[in-house]
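A short write-up of the structure that comes next.
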RNA sequence: GCCGGGGUGGCGGAACUGGUCAGACGCGCCCGGCUUAAAACCGGGUGCCCCUCGCGGGCAUGGGGGUUCGACUCCCUCCCCCGGCACCA
C-alpha cells in the first residue's frame, strides 16, 4: 500500500484539472433560455499584496466548498477570480523600494495565482481580470462617461484631509488621531475640487431594496445607519434686515416654540452674508475661518465654541427674534448647515446654551404634569404634551409635530422633509496608480469628456510617483496637454485618478464577459449569470464596496445596461483570522502565508484545517498546533479507504450500522453545507464516519462507507478525494452527483428511549420506533430505576415521541 | 454614549426550531502496545466534587433571578471581552 504523499497527488490532480479546463464554464449562445440551474459564486477579489494570508485561504476555501457542492448538485457554477490591482500600497512600495508599480503588481499577481493554484481552488481562470489592465480600465472609464452624461458624476469644491508633508489628499481612514498614518504630519483641512458620484440620488432605493436581498442583518443595519434616513421638516427662519429666508432641517418640529437661538455652521456661505458690513464682521469671519480649518477629529473632541453675529432670525411660529450664532458644533454637510437651537430638548444645544448663558425654555412636558428636569433628555416623547406653545399647548407631542408643520406649510414657511446622512462619494485621488479620469479642461470649451472612441486614456509613465503639490500625472507634460476634441485648441487632461473602489464596483459584471472589446459586458450574458448568487467577503466592506456596488448596479440598470437591481443576492461574511489577537495584515507583519503550511501539511490538510478551526463567520485565532491533526485524519482516511478498496464491490449495500452511519453522515453534511451554511461540523461528521469505519473494517458495508466518506470530503480535500475515488475504481469525482441519504435507512427500528423522573434522567431503554404515547409511558413506568424514584406516586407524563418520557411527581 | 457580536473542559469548538445524564470532533495531556530507542502508527483514559468506590450521588454552559414537566437554548438584571458608529439637529 502506498503511503500518503500530498505533494505528489496534489500536483497530479491540479495538472488534470488544468488540462481538462475542469472548472471553466462557457457563456450561453445568443438567444439561449435562462438557466434556472446557474449559480454565480463569488468571493471578494484580493488586493495583490505579495502573499496570500490565512484570511484569504479561509475566504476562498469556503467559496470552493460551495462551488463543488453546487456543481455536484447539478448547477452550472461560475466561479471567477481577479485582482484589485490598482491602489496606494503598491505605489508606496514602488516609492520605497524603487521599480514601477506595474512590475510590482504583476509580480504579485503571478505569485498569488501560483498560491491559489497550489491550494487547488476550483476557479475558472479563463475569466481572470485585473483592474490595472488597459482592457479592464478602459471600460471603467467608459462607465464613468455614462455616469457623467447622466449627471451622476460631477466636480465640486469640497473640504478634504490634506497632508502637508506627503502633499496629498488622504481618505478619512488614513487620518489617525488627526495625523497622517504614513508620515505622522498633522493633517490640514483644505478646500479642493474633487470628483463625486451622486450616490445620494439613490439613497431611498439603496435603503428600500435592502428588503429584497438575503444579507446578514447586521450588514443591513450598518447600511441603514450609514444611509441615515430621517423624517422631519424644513422650516424657514427669516432675517428681515437682509430679506433672507434661512431653511433649517428638524425632526422635532414640536419643539419650535422652544427655539431660543439660531446657529450657522462656520463653513456656511451664510456667514459672510450675515456679517458683511457690520462691526462684528472681522471677529465672526476670523472665528469661522479658524473653526472651519480644524479637522473633524478635533471638532469632535473639543468643547463647543461659537460667536454671536449680531443678527436675529424670526421664529416663524411666534414671530420671536432669536440671536444668530456661528458655532462649530453645527455641520455644513448635514441638513442645511443651519439649525434652530432648542436647548430645553436637545443635549448639544443645551450644552452650548449653558456655556454662553442663552435662555432655555421648556415646551414639551410629561402628560401627568410632572415638571421635566432640565438637562435630562428623553427620546420618548410619545407620552408627552406641549406646554408654552400657544394654540398647540396641551397637544400630544407626536400630533403637534404634524400640526405645526401643516400650519407653517399653509403659510409657506415650512414643509415636511426627509434628510439623509449619506453624502456623495468622492472618488478622485491625487495619486499615480489608478484609473485615469477621462476628462479634459479646455480654456474655451470648459470641461469636456474624452470622446468614447478616444478611450482608453492610458495611464502614462511618470518620473516620480511621489506627489509634489500636484498629482503625479500632471508632471508628465507630454501626456497632460492634448487637443480639445470640440474646438481643436489646447486642452489639459484631468490628472487625478479614480479611487480603487470604482474598479471594484463592477468587476463582478466584467467576469461574465471578460474578453468583450466593444462593451464592458454584453447585456444578455450579464443577465444570464447575474446577479451573484452567493457573495463571500469581510464585513469591513459593509458601507464601502458593498454600498458602492449596489449603487453601480442600480445606475447601470437604469441605463439599460443590465436587467437586475442588486449585485449580490446572498451575502456571507467570514470571520477574521487573527494572530496574537490582531487581524492578520501585511502592515502589522503578523501574516502567516499558505506556502510553508502547504509544504508541511499538504493543501488538503490546510484547507480542512482552516475550516475546522471554528465557525467560518466567527473570528478565529490562528494556531498551527492542530494542523498536524488534520494530516492525521487525511492519512487515516487514506488508509481505511485503500483497505476498503481491496474488498469486493456489492450490488446492494447491506443495512448494517456502518451503512446507516454513512447515510446519516450524508444527511448531516448536506444539511450543514446546503441549508445551514456551516463548514466546520461537516468535517467532524466525516471524521466520525471514518472512525467508525476503521473500527469495523470487515463490515460488509465498509466499501460503501469509504466511498461515502471520500465523496463527502471532496469539496474540502479535492486532491486526496480524487485520488482515493480512482483507487476505489471510479473516475472524476468532481463531476459525480452529490450522494443522497436513504431515508429508509435513516429510520431506526429500535430507538433508545430516555426516561426522566422530574426532569432527571434515570434510565434509558431500547424500544421499537413509532410506539404510541401510552405505550411509551407504560414502558417508562415499568422501568425499575424509574420506579425507584417514583416512590409509588402516580406521575404526570410528558412524552417526546421516539425520544423521551419525563414523569413528574 | 449608541448599535452589533460573543462569554461552554487545559485549548479550538459541538449541542441546528427548549427534549437522550452538555462537552460531538479535534488539539493537548496521561496510561498502554509496537520499537534496541525515538518518531510515526495503534488501543484506552481525560469537566469538577463527594463517596459505603457501585453500570453510586451531587454540582456544572460568565454572576444572580424568572418562565417551563424540562433551559447552553426563552425572559429580566448585572459583569466581562471583541467589533462598528459617534456633535446627523
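Numbering (the working numbering), first residue to last: 1 to 809. Idealized CB from N, CA, C, for every residue including glycine.
Endpoints, the beta strand (DSSP E) within which residue i is located
i, result
"residue 158", "153 to 163"
"residue 204", "Note, residue 204: premise wrong, no beta strand (DSSP E); alpha helix (DSSP H) at 203 to 208."
"residue 230", "230 to 239"
"residue 414", "414 to 419"
"residue 245", "244 to 250"
"residue 195", "188 to 197"
"residue 350", "No beta strand (DSSP E) contains residue 350, which is instead part of the alpha helix (DSSP H) from 347 to 356."
Host alpha helix (DSSP H) of residue i (start-end)
i, result
"residue 682", "681 to 695"
"residue 554", "545 to 558"
"residue 630", "627 to 645"
"residue 479", "477 to 480"
"residue 16", "6 to 19"
"residue 828", "In this structure the chain extends from 1 to 809, so residue 828 is not present and cannot be described."
"residue 745", "743 to 746"
Straight-line Cα distance separating residue j from residue i
i, j, result
"residue 759", "residue 789", "12 Å"
"residue 356", "residue 304", "10 Å"
"residue 327", "residue 478", "48 Å"
"residue 600", "residue 680", "22 Å"
"residue 822", "residue 640", "Limits of the chain in this structure are 1 at one end and 809 at the other, which puts residue 822 out of reach."
"residue 711", "residue 668", "14 Å"
"residue 765", "residue 637", "34 Å"
"residue 287", "residue 277", "16 Å"
"residue 1", "residue 733", "Its pLDDT being 49, under 50, residue 1 is placed unreliably in this model, and the value from its coordinates should be taken loosely. About 22 Å."
"residue 32", "residue 126", "22 Å"
"residue 563", "residue 526", "8 Å"
"residue 103", "residue 692", "53 Å"
"residue 322", "residue 345", "17 Å"
"residue 257", "residue 423", "31 Å"
"residue 230", "residue 709", "55 Å"
"residue 291", "residue 480", "37 Å"
"residue 806", "residue 797", "6 Å"
"residue 454", "residue 90", "28 Å"
"residue 16", "residue 118", "13 Å"
"residue 631", "residue 674", "26 Å"
"residue 124", "residue 109", "16 Å"
"residue 716", "residue 136", "33 Å"
Counted within 10 angstroms of its Cβ, other Cβ atoms place residue i as buried (16 or more) or exposed
i, result
"residue 778", "exposed"
"residue 803", "exposed"
"residue 502", "buried"
"residue 800", "exposed"
"residue 661", "buried"
"residue 223", "buried"
"residue 269", "exposed"
"residue 219", "buried"
"residue 9", "buried"
"residue 289", "exposed"
"residue 339", "buried"
"residue 649", "exposed"
"residue 607", "buried"
"residue 707", "buried"
"residue 7", "exposed"
"residue 603", "buried"
"residue 567", "buried"
"residue 487", "exposed"
Rounded Cβ spacing between residue i and residue j (contact assumed at less than 8 Å)
i, j, result
"residue 341", "residue 237", "Not quite, the Cβ-Cβ distance comes to about 11 Å (not below 8 Å), so this is no contact."
"residue 746", "residue 776", "Actually they are not in contact, since the Cβ atoms of residue 746 and residue 776 sit about 21 Å apart, beyond 8 Å."
"residue 271", "residue 285", "7 Å"
"residue 554", "residue 622", "With a Cβ gap of about 38 Å, residue 554 and residue 622 do not count as contacting."
"residue 350", "residue 359", "The pair is not a contact, with the Cβ atoms about 11 Å apart (cut-off 8 Å)."
"residue 818", "residue 27", "No information on residue 818 is available, as it lies outside the stretch 1 to 809 that the chain covers here."
"residue 82", "residue 128", "6 Å"
"residue 206", "residue 551", "7 Å"
(request) Counting only runs of 3+ residues fully inside the stretch 254 to 341, write out the beta strand (DSSP E) ranges in chain order. (result) 261 to 264, 306 to 314, 321 to 327 and 338 to 341, all fully within the stretch 254 to 341.
(message) Suppose only complete runs of 3+ residues qualify. What are the beta strand (DSSP E) ranges in the stretch 68 to 142, listed by chain order?
(response) 76 to 78
(request) Please specify which runs of the beta strand (DSSP E), each continuous and at least 3 residues long, are wholly inside the stretch 438 to 513, giving them in chain order. (result) Taking 3 residues as the minimum length, the beta strand (DSSP E) runs contained wholly in the stretch 438 to 513 are 439 to 442, 446 to 449, 481 to 483 and 490 to 493, in order along the chain.
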